[in-house]
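Report on the structure given below.
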Amino acid sequence: MQAFSHDGYIIDQDAFTDYEYRTIRASRNGCGPIAVYNIRHALGRDTDFRELLAEMDGLHAAHRPGPTSMKAMRAYLARHLPEMTEHTGREAAFEAARRSRMGILRYSEERIPHFVSFLRQGDGGCRFFNVNDGLEDYVCSMEMFFQDHVGTGQYVSVFTLE
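Numbering (the numbering used here), first residue to last: 1384 to 1545.
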């Protein structure tokens, strides 16, 4: 299990069993902070991952187990990455993600909410981080990602940098 890619992105949340987030191991629910960490890294705004976890944890109304809430994600991004724009709904999220240079997608896979960061590549494809086991550092088109991972009829949101 490799926590970081060769160029410094977090690619596998399973490696963070020694980190706590929302009263449980970050390996179980750390996808939100991981996605934020990766966007900060891409922008050259590196931060200590433990500090990021603690700050995002503090943005939740209650200190209890659970995934990163959209309210906490919005608050963190407003404070640290205010240039990101949110787009909600599957079609709006897809169009915004397809045009953006980087972003954070929120969708559900197998009924489990998940945050994934992505970066646009020179060939027009996207590099996705921490998608799931076997797809920790994954490159494909945005169209293929939505087709394979983002089901229809579900809540989808994306925070993008154009």
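For every residue, glycine included, the Cβ atom is placed at its ideal position computed from N, Cα and C.
No residue range can be given for Ile1393, since it is assigned to no beta strand (DSSP E) and is classified by DSSP as neither H nor E. Counting other Cβ atoms within 10 Å of its Cβ, Gly1517 stays below 16 and is therefore classed as exposed. By the C-beta density criterion, Ala1418 is buried, having at least 16 other C-beta atoms within 10 angstroms. When DSSP states are grouped into helix, strand and coil, His1470 belongs to the strand group. Rounded to whole angstroms, Met1485 and Met1467 show a C-alpha spacing of 9 angstroms.
By the Cβ test, the segment 1403–1420 is in contact with the segment 1498–1517, since at least three Cβ pairs between them sit closer than 8 angstroms.
The shortest C-alpha to C-alpha distance from Ala1480 to any of Gln1504, His1463, Ala1458 is the one to Gln1504. Note on the segment 1397–1484: whole alpha helix (DSSP H) runs with a minimum of 4 residues are 1409–1412, 1414–1425, 1432–1441, 1453–1463, 1473–1482, in chain order. DSSP places Asp1531 in the helix class (H, G or I) of the three-state scheme. The beta carbons of Met1439 and Tyr1392 sit no closer together than 9 angstroms. Within the same chain, Cβ atoms closer than 8 angstroms to the Cβ of Gly1449 are found at Arg1405, Asn1412, His1443, the five residues on either side in sequence being excluded.
Contact check for Thr1451 against Ser1540 fails: the beta carbons are separated by 9 angstroms or more. When secondary structure is reduced to three states using DSSP, Glu1519 falls in the coil class, being assigned neither helix nor strand.
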